[in-house]
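I have placed the structure first, in the form of structure tokens, so that the comments after it can refer back to it.
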Amino acid sequence: MNEVLARAEVMPPDMDLKVPRANANPWPKLKAVQDADPVFWSDCQQAWFISRHEDVKAGFMDRRLSADRVTFLFGALPEELKKKYEPILFYFPQWVVLMDAPRHTRVRKLLLKGFTKPIIDGLADFTQGIVDELLDEVEVSGTVEFITEYAFKLPAYVIMHMLGVPRHMYDEFKGWSLDMARLVGAPEPTLELLDQTLRAVNDMNAAISKLIAERRAEPKEDLLTALIHAVDEGDTLNEDELLASCQVLMLAGHETTINMLGNGLLELIRHRAQWEQLRDNPEIVRTAIEELLRYNNVVGSLVREALEDFEWHGKQIKKGDVVYLMAYAANRDLRVYEDPDTLNFDRKNQFPLSFGPGIHFCLGNQLARMELEKSFAGIVKRFERAEILDDELDWNNSIVLRGMNSFNVKFHPKTENR
Ligand code: HEM
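First residue of the sequence shown? That's 236 in the numbering used here, and the numbers climb one at a time after it.
Quick look at the structure:
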């Protein structure tokens, strides 16, 4: 009996994604579900779990599954609260990542004008400069809380630079991003999360509106100017669409990369042989990053809603049902990856589902890869090794973006004769 069949005999436990620390080690439960039932109904989550690589991939491409989570997030709110949180309910549906075709097709085409190769390539020196600056600081301190001191700052500085947000606004930017991410990743929206997000949306809009006016008066070579001037067959993004797009770019470009920098460093520290392999063979950095994206993916579950009734692997999905596409489970599927629980930089068929695929395929994937490559190449080049100082890792509780709230690390400088 092969390993897949042997494991399939174990009945899967239901997965309560709301329990604290569910993100610490999700793999055994994910695998039990993956092996036993490709379309698993979770009673405690009241949703379908899709976990096999082939099915998650198909789910990303399936037009019967809507990415519009606005109803899922806010549908149950009483009318008076809908009124109170009206700005959130107005801007979130204009986020490209929460749209379905054909609205999505139109906005994505316009956003793509800001993600051209010259614009992304043009960020390489800036990104390297920030990586060097932050690693200089890490080297001086030796012991750092990596999420705050490095992982937060790099993607924030890069996106702020792209949007033209001045560096002195970093603390505000960080607050907006954190508040919106908490709401989007929460198992259910609470009034506290909604209040925080309302403040973040209003404050961010005020700041970005000012920048948009400045760019209209004086265009610059940045993403914000490119988006203001983006034209597709006479169509452009209006002011509210520009504001909504800046919100989604901040969130999509910041929270994902923060968590992946943390998860990636964690695995490099845990896997000394791979740290040394990357240090001694810097040319493998691209495949090393792909493998880290597969092995400890930041994207947990992407949530979809069924637009119609249909059958999937013999199960009846009903219109309105919530479906979780569990990318992190798919990335460790034994049906696709030999020895999936091993971090292997020589793996040939990585193809992780970490950036998509489908109509929402990550617009910032090249930028994210650039930030990860420069960071990890820089870390293994500069430091002999690093040590985890936390007795217990501080995993977040997000079902969408899996990562650590804090991560205390001691970096050891290279010995002189190396
Ligand atoms: C490690 C870092 C990153 C990961 C793992 C990641 C992952 C993803 C995934 C899985 C999606 C698809 C979401 C869905 O299907 O519902 C997505 C979409 C998106 N990402 Fe990323 N992302 C990362 C970094 C970035 C960066 C740096 C940016 C931009 C600055 C960005 C911008 C976007 C945008 C705008 C979308 C929506 C595209 C659309 O709806 O058409 N991402 N990302």
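Backbone N, C-alpha and C fix where the C-beta goes; we use that ideal spot for every residue, glycine too.
Check                                                                                                                                                                       : Outcome
Where do the ends of the beta strand (DSSP E) carrying Ala-359 lie?                                                                                                         : Taken as a continuous stretch (DSSP letters only), Ala-359 belongs to no beta strand (DSSP E), being part of the alpha helix (DSSP H) at 359-376.
What first and last residue would you give for the beta strand (DSSP E) that runs through Met-639?                                                                          : 639-641
What does a CB cutoff of less than 8 Å around Val-239 pick up in its chain, not counting 5 residues either side in sequence?                                                : Interpretation of Val-239 is limited by its pLDDT of 45, a score under 50 that renders its predicted location unreliable; no figure is taken from the coordinates.
Between which two residues does the beta strand (DSSP E) carrying Phe-596 extend?                                                                                           : First-last for Phe-596: undefined, no H or E at that position.
Round the Cβ separation of Val-635 and Gly-535 to the nearest angstrom and send it over; I've been treating them as touching at under 8 Å.                                  : 6 Å
Looking at Ser-610 and ligand 1, is the gap between the Cβ and the nearest heavy atom below 8 Å?                                                                            : no
Between the C-alpha atoms of Asp-576 and Glu-289, what's the straight-line distance to the nearest angstrom?                                                                : 18 Å
So, at 6 Å on beta carbons, what are the nonlocal neighbours of Ser-215 in its own chain, with the 5 sequence-adjacent residues on each side left out?                      : Residue 215 falls outside the range modelled here, since the chain spans only 236 to 653, and no answer is possible.
Using a C-beta cutoff of 9 Å, does Asn-260 count as contacting chain C?                                                                                                     : Chain labels in this structure do not include chain C; a single protein chain is all it has.
What number of angstroms, rounded off, separates the C-alpha of Met-639 from the C-alpha of Asp-629?                                                                        : 5 Å
If you run the structure through DSSP and keep just helix, strand and coil, what is Glu-490?                                                                                : helix
Can you tell me whether Ser-286 is helix, strand or coil according to DSSP?                                                                                                 : coil
Within the same chain, show all residues whose beta-carbon is closer than 6 Å to that of Asp-249, passing over the 5 residues directly before and after it, in chain order. : Ser-277, Asp-278 and Cys-279
Quick one: grab the DSSP three-state call for Arg-620.                                                                                                                      : strand
Ordered along the chain, which non-local residues of its own chain (more than five positions away) have a Cβ less than 6 Å from that of Phe-642?                            : Phe-381, Ile-382 and Gly-497
If we ignore side chains and look at the alpha-carbon of each, how far apart do Asp-360 and Lys-609 end up?                                                                 : 10 Å
With distances taken from CA atoms, which of His-595, Lys-649, Ala-562 and Phe-611 is nearest Phe-284?                                                                      : Ala-562
Around the C-beta of Ala-241, are 16 or more other C-beta atoms found within 10 angstroms, so that it is buried, or is it exposed?                                          : Caution is warranted here: a pLDDT of 43 is assigned to Ala-241, below 50, making its placement in the model unreliable, and the coordinate value is therefore given only provisionally. Label assigned to Ala-241: exposed.
For Leu-300, count the other beta carbons within 10 Å of its own beta carbon; 16 or more makes it buried, fewer makes it exposed. Which is it?                              : buried
I'd like the span of the beta strand (DSSP E) that includes Trp-411, first residue to last.                                                                                 : No beta strand (DSSP E) contains Trp-411, which is instead part of the alpha helix (DSSP H) from 405-420.
Could you give the residue range of the beta strand (DSSP E) that holds Ala-386?                                                                                            : That residue, Ala-386, is in no beta strand (DSSP E); it is neither H nor E in DSSP.
Touching or not, the region 447-457 and the region 385-400, by the rule of three or more beta carbon pairs under 8 Å?                                                       : yes
Per DSSP, which one or two residues make a beta bridge with Ala-541?                                                                                                        : Leu-300
To which residues of the same chain is Gly-591 closer than 7 Å at the C-beta, ignoring the five residues directly before and after it?                                      : Phe-295 and Cys-597
Is the separation between the beta-carbon of Ile-431 and that of Asp-414 shorter than 9 Å?                                                                                  : Here the sequence assigns Gln to residue 431, which means Ile is not the residue at that position. Against a cut-off of 9 Å, the Cβ pair of Asp-414 and Gln-431 comes out as a contact.
I'd like to know whether the C-beta atoms of Leu-477 and Leu-462 end up nearer to each other than 9 Å.                                                                      : yes
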